[in-house]
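Peer 1: Please read through the structure below; I'll follow up with questions.
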Amino acid sequence: MNKIITESGMKFGPFEDKYLYHIEQSDMVKSLQIKIVEFLVYHKKTLTFIEAKSSSPNPENKRLDNDEKFDVYIDNIISKFVNSVSLYISVYLKRLTDIIGTELEKINLSKANIRLLLVIKNHETKWLPPISDAIKVKLNAVCKIYSINPSNIIIMNEQMAISKGLIAE
Numbered sequence: 004m005n006k007i008i009t010e011s012g013m014k015f016g017p018f019e020d021k022y023l024y025h026i027e028q029s030d031m032v033k034s035l036q037i038k039i040v041e042f043l044v045y046h047k048k049t050l051t052f053i054e055a056k057s058s059s060p061n062p063e064n065k066r067l068d069n070d071e072k073f074d075v076y077i078d079n080i081i082s083k084f085v086n087s088v089s090l091y092i093s094v095y096l097k098r099l100t101d102i103i104g105t106e107l108e109k110i111n112l113s114k115a116n117i118r119l120l121l122v123i124k125n126h127e128t129k130w131l132p133p134i135s136d137a138i139k140v141k142l143n144a145v146c147k148i149y150s151i152n153p154s155n156i157i158i159m160n161e162q163m164a165i166s167k168g169l170i171a172e
């Protein structure tokens, strides 16, 4: 069965249930009360953790309070990615129990690419590089620990996600 996931005013998918883990809707995850991404999807030997945001601080805004807002925003995203990767690995190893897509239980995690994807609705393309740079710097250690290629940390706006077929128009 195919599923559309609506997050931050965007409709992601459709994705087949067997390749999907709607982690944010999990009762187990809700009971842990931790920050988490919206969902995970497995496609073409790549496990993608997807976080959706309806907005972001403008990194070009030079107001004093904007730098603090930007740092808090980035730290929030980092927490969600780190928690989500760790939680999925815990479920995969059966340290925690949750209902995930059947294909997510079968993948060879040692060979799968891991991609961390942030999609920001109505975001200007020129604002994406500072967000990407900040996230990559703060995820450096995590990338080393889990062998995530830094080029697999991708920040895009809604239009880019539509062009990649991640969002249904």
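Just so we're aligned, residue 4 is where the sequence shown starts under the working numbering, counting upward by one. All C-beta atoms, glycine included, are put in the ideal place defined by N, C-alpha and C.
1. With DSSP as the reference, identify every bridge partner of residue 137, one or two as the case may be.
2. Along the chain, where does the beta strand (DSSP E) that runs through residue 119 open and close?
3. Roughly how many whole angstroms lie between the Cα atoms of residue 128 and residue 117?
4. Which first and last residues belong to the beta strand (DSSP E) in which residue 49 is found?
5. Can you confirm whether the stretch 47–60 touches the stretch 72–83 when touching is taken to mean that 3 or more C-beta pairs between the two stretches lie within less than 8 Å?
6. With DSSP collapsed to three states, give me the class of residue 97.
7. In terms of residues, what are the limits of the alpha helix (DSSP H) holding residue 145?
8. Quick check on residue 166: buried or exposed, where buried means 16 or more other Cβ atoms within 10 Å of its Cβ?
9. Return the CA-CA distance between residue 119 and residue 155, expressed in angstroms with no decimal places.
10. With DSSP run on the structure shown, which of helix, strand or coil describes residue 2?
11. Once DSSP output is grouped into helix, strand and coil, what is the label at residue 158?
12. Using only the alpha-carbon positions, how far apart do residue 188 and residue 12 sit?
13. Going by the CB atoms, is the gap between residue 44 and residue 18 shorter than 7 Å?
14. Where does residue 152 fall in DSSP's three states?
Peer 2: On the basis of the data shown:
1. In the DSSP output, where bridge partners are listed per residue, residue 137 has none listed.
2. 116–123
3. 24 Å
4. 49–56
5. yes
6. DSSP places residue 97 in coil when its eight states are reduced to three.
7. 143–149 is the span of the alpha helix (DSSP H), which, as asked, contains residue 145.
8. With fewer than 16 Cβ atoms within 10 Å of its Cβ, residue 166 is classed as exposed.
9. Answer to the nearest angstrom: the Cα atoms are 6 Å apart.
10. Outside the shown range of the chain (4 to 172) lies residue 2, about which nothing can therefore be said.
11. strand
12. The shown model of the chain, from 4 to 172, leaves out residue 188, and the question about it has no answer.
13. yes
14. coil
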